[in-house]
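Worksheet: one structure, shown below.
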Amino acid sequence: MSAGCVSAGRVYRQGAFAGRLLLPTIVWGDESATASEEAVKRVFIDQVRFIGAGVIAIASVWTLIKILKPIAVGIREAAIAAGKRHAGKKVDLTERDVPIQIVGATIALLMLPVGFLLADFVNGTAIHNSTHLMVVSVAFILLIGLVVAAVCGYMAGLIGSSNSPISGVGILVVLVGALAVKLAYGPADGSETKALIAFTLFTAAIVFGISTISNDNLQDLKTGQLVGATPWKQQVALVVGVLFGSAVIAPVLGLLQSTFGFAGAPGAKDNALNAPQASIISRLAKGIFDNSLDWTYIGWGAFIGVVVIVVDETLKRGTAGRLKLPPLAVGMGMYLMPTTTLTIALGAVLGSLYDGWAERSGGDVEGKKRMGVLMSTGLIVGESLFGVVYAGIVGWSGDDAPLAVVGEGFATPAKFMGTALFAAAVTLLYKHARAQAEK
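For what it's worth, our numbering labels the leading residue of the sequence shown as 1, then goes sequentially.
The structure is reproduced here in structure tokens:
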């Protein structure tokens, strides 16, 4: 229920552009593509998503260029604040970060275990003369990791980590990473090529880890800023959280794999979790190494991205910032399935209504808006935790529907009843947030 949700609503409108214009245009006249829903979905995954990835790639570069100055200013202010604290001068509570020198030294130090992981992965494979490859890969992780963290963290601050374009930006990471690995290693035979593809995906996985951590951390730090928290205390807690998360994520993924499985992977069940990004990313890496990748759709996406950037800048200057067409949001809307972006649009409507009420009611307007942000954050966290708990119940009971209270014949009425109950719950929570904000 935050103002950022209004910006997120644009994502759904751009998703409608992909679903109602690009997809019909691509399948026009192709009887095989329009023969079934599954065939149309395949066109979306194999073609429209690559166009969206091209848009995200260009938008990511443009976003990075635009936020370079704020990033540099932030680093400089952090260094100045650290110097003041070291000199015993008073610094505002909300400006007390972990000293930037410690942050930089920690990043540099962590490149050592990263290099060890890469070397250990290569050990025993067909890859030879790997020293040069290790240096290039560690440099790639450091530089591209910083870029991806900045871009994904920026979007997480706007619309939340649940809808940050990690998978889309990940396509750009895999493209650049595969090209870097291929150039660094040189010519390779069949067995070496397979090992290099696996190595590229492993390297990209580390960058993915950086991007996901930046998403969660930036969202937490933004929430802390809204409530006036002390940054360095948050940052210490976030480091502890990363350590615990590292220990928890693997068992949770193992639980999901054993309970549901992942679509396209060995052991997947009928209710397998959808994972189209994984197949796309592996195909990208393979396509670059065996020269089978079709760059057409990515190229079209890049072209559309440039056009959207021009339109966005023109709109902002011509309307004094009242109208915008955010390039990253356009790419996300084209990349994500409409079923995903629909809920973002609904959240945007509720957020706009709530923020409008907060401004009309007067008083502590910002405090009222923060109440909505905290309520929405609780919904996101609760949904995530329940998903893991439910997977645990399914795995423990061995039943695909352990919480079902009626038979399969009640499926259709249950959908309508579930929707009605969800709408009622959202309405009650909305009223509760307003009531709490008025106190």
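Backbone N, C-alpha and C fix where the C-beta goes; we use that ideal spot for every residue, glycine too. All values derive from a computational prediction rather than experimental measurement.
To which residues of the same chain is I171 closer than 6 Å at the C-beta, ignoring the five residues directly before and after it?
Sequence index remark: in the sequence shown, residue 171 carries index 171 (1-based). Once the five neighbours on either side are set aside, the close Cβ partners of I171 are A53.
I'd like the ranges of any alpha helix (DSSP H) spanning at least 4 consecutive residues and lying wholly in the segment 301-345.
327-335
Report all residues from its chain with a CB closer than 8 Å to the CB of C5; omit the five preceding and five following residues, and keep chain order.
Along the sequence shown, read from residue 1 onward, the residue named residue 5 stands at position 5. At C5, the pLDDT of 42 sits below 50, so the modelled position is not reliable; the number obtained from the coordinates is stated separately. Closer than 8 Å at Cβ, skipping near neighbours: I159, I344, G347, A348, L350, G351, S352, S376.
Can you tell me whether DSSP reads F262 as helix, strand or coil?
In the sequence shown, residue 262 corresponds to position 262, counting from 1. Residue state, collapsed to three classes: strand.
Pick out whichever of G104, I206, D355 has its Cα sitting closest to the Cα of V365.
Here the question's residue 365 lines up with position 365 in the sequence shown. Here the closest residue by C-alpha is D355.
State buried or exposed for A35, treating a residue as buried only when at least 16 other CB atoms are found within 10 Å of its CB.
Residue 35 sits at position 35 when you count from the first residue of the sequence shown. Confidence in A35 is poor, its pLDDT being 49 and thus under 50, which makes the residue's placement too unreliable to answer from.
Let me know the secondary structure DSSP gives L273 once reduced to three states.
Your numbering for residue 273 matches position 273 in the sequence shown. Note: L273 maps to strand in three-state DSSP.
Distance between N123 and P113 (C-alpha atoms, nearest Å):
Looking up residue 113 in the sequence shown gives position 113. Looking up residue 123 in the sequence shown gives position 123. Distance between the alpha carbons of P113 and N123 is about 15 Å.
For V111 versus L143, is the C-beta spacing smaller than 8 Å?
Taking the first residue of the sequence shown as 1, we reach residue 111 at position 111. Taking the first residue of the sequence shown as 1, we reach residue 143 at position 143. Note on residue identity: the sequence assigns Met, not Val, to residue 111. Not closer than 8 Å, so no.
Between which residues of its own chain and L315 is the CB-CB distance below 8 Å, once the five residues before and five after are set aside?
Translated into the one-based positions of the sequence shown, residue 315 becomes position 315. Contacts found: L323, K324, L325.
Start and end residues, alpha helix (DSSP H) containing K369
In the sequence shown, the residue the question calls residue 369 occupies position 369. Looking at the DSSP string, the run of the alpha helix (DSSP H) that includes K369 is 365-397.
Find out if the Cβ-Cβ distance for the pair L221, P231 is shorter than 8 Å.
Indexing the sequence shown from 1 puts residue 221 at position 221. Indexing the sequence shown from 1 puts residue 231 at position 231. Yes, Cβ-Cβ distance for L221 and P231 is below 8 Å.
Given this structure, state the Cα-to-Cα distance separating K440 from L429, to the nearest angstrom.
As shown, the chain starts at 1 and ends at 439. That puts residue 440 outside it, with no answer to give.
Quick one: give me the first and last residue of the alpha helix (DSSP H) that A404 is part of.
Within the sequence shown, numbered from 1, the residue matching residue 404 stands at position 404. A404 -> no alpha helix (DSSP H), and no H or E assigned at all.
If you reduce the DSSP assignment to three classes, tell me which class G267 lands in.
Here the question's residue 267 lines up with position 267 in the sequence shown. In this structure, G267 counts as coil in the three-state DSSP scheme.
Could you pull out every residue in the same chain whose Cβ sits closer than 8 Å to the Cβ of V138, ignoring the five residues on either side in sequence?
Stepping through the sequence shown from its first residue, residue 138 is reached at position 138. So the list reads M111, V114, G115, L118, once near-sequence residues are dropped.
Under 8 Å, do A55 and M371 count as touching if we go by C-beta distance?
Taking the sequence shown and counting its residues from 1, one reaches residue 55 at position 55. Taking the sequence shown and counting its residues from 1, one reaches residue 371 at position 371. Before going further, note that residue 55 is Val rather than Ala in the sequence given. In this structure, M371 does not lie closer than 8 Å to V55 by Cβ.
Classify P70 as helix, strand or coil using the three-state DSSP reduction.
Counted from its first residue, the sequence shown places residue 70 at position 70. In the structure shown, P70 sits in a helix (DSSP, three-state: H, G or I).
I127 - containing alpha helix (DSSP H), residue span:
Translated into the one-based positions of the sequence shown, residue 127 becomes position 127. No alpha helix (DSSP H) contains I127, which DSSP labels as neither H nor E.
From G418, I58, D97, residue whose alpha carbon lies closest to that of K233
For the purposes of this step, residue 233 is taken as the residue at position 233 of the sequence shown. Checked all of G418, I58, D97; the closest Cα to K233 is D97.
Mind checking whether V426 and A414 have CB atoms under 8 Å apart?
On the sequence shown, position 426 is the one that residue 426 refers to. On the sequence shown, position 414 is the one that residue 414 refers to. Cβ distance not < 8 Å, so V426 and A414 don't count as in contact.
Run the CB neighbour count on V135, radius 10 Å, all protein chains shown included, and call it buried at 16 or more, exposed below.
Reading the sequence shown from its first residue, position 135 is the one you call residue 135. V135 comes out exposed.
Using the Cα positions of G228 and I65, report the straight-line distance between them to the nearest angstrom.
Start at 1 with the first residue of the sequence shown, and residue 228 comes out as number 228. Start at 1 with the first residue of the sequence shown, and residue 65 comes out as number 65. Taking the straight line joining both Cα atoms gives about 29 Å.
Cβ separation of I280 and R49, assumed to be a contact under 8 Å, to the nearest whole Å
Mapped onto the sequence shown, residue 280 falls at position 280. Mapped onto the sequence shown, residue 49 falls at position 49. 7 Å between Cβ atoms; contact.
How big is the Cα-Cα spacing for I75 and I100?
If you number the sequence shown from 1, residue 75 lands on position 75. If you number the sequence shown from 1, residue 100 lands on position 100. Those two C-alpha atoms are separated by around 7 Å.
For L175 and G363, what's the separation of their Cα atoms in angstroms?
Here residue 175 is taken as the residue at index 175 of the sequence shown, counted from 1. Here residue 363 is taken as the residue at index 363 of the sequence shown, counted from 1. Roughly 51 Å separates the two Cα atoms.
Whose C-beta lies closer than 7 Å to the C-beta of A272 among residues of the same chain, with five residues either side of it excluded?
Position 272 of the sequence shown holds residue 272. Around A272: F260, G261, F262, A263.
Please report how far the alpha carbon of S130 lies from the alpha carbon of D120, in whole angstroms.
Counting from one through the sequence shown, the residue named residue 130 turns up at place 130. Counting from one through the sequence shown, the residue named residue 120 turns up at place 120. In a straight line, the C-alpha of S130 is about 11 Å away from that of D120.
With G104 as the anchor, note down where its alpha helix (DSSP H) starts and where it stops.
Taking the first residue of the sequence shown as 1, we reach residue 104 at position 104. Where G104 is concerned, the enclosing alpha helix (DSSP H) stretches over 100-122.
Short Cβ contact (8 Å threshold) for T193 with D270
Residue 193 sits at position 193 when you count from the first residue of the sequence shown. Residue 270 sits at position 270 when you count from the first residue of the sequence shown. Contact: no.
Could you tell me whether the Cβ atoms of L133 and A184 are closer together than 8 Å?
Here residue 133 is taken as the residue at index 133 of the sequence shown, counted from 1. Here residue 184 is taken as the residue at index 184 of the sequence shown, counted from 1. Going by C-beta atoms, L133 is nearer than 8 Å to A184.
If I follow the unbroken alpha helix (DSSP H) through K440, where does it start and stop?
Because the chain is modelled from 1 through 439, residue 440 falls outside the range shown and cannot be assessed.
Any idea what DSSP makes of T34, helix, strand or coil?
Against the sequence shown, residue 34 aligns to sequence position 34. Residue confidence for T34 is low, a pLDDT of 49 falling below 50, so the modelled location carries little weight; the figure read from the coordinates is stated next. Coil.
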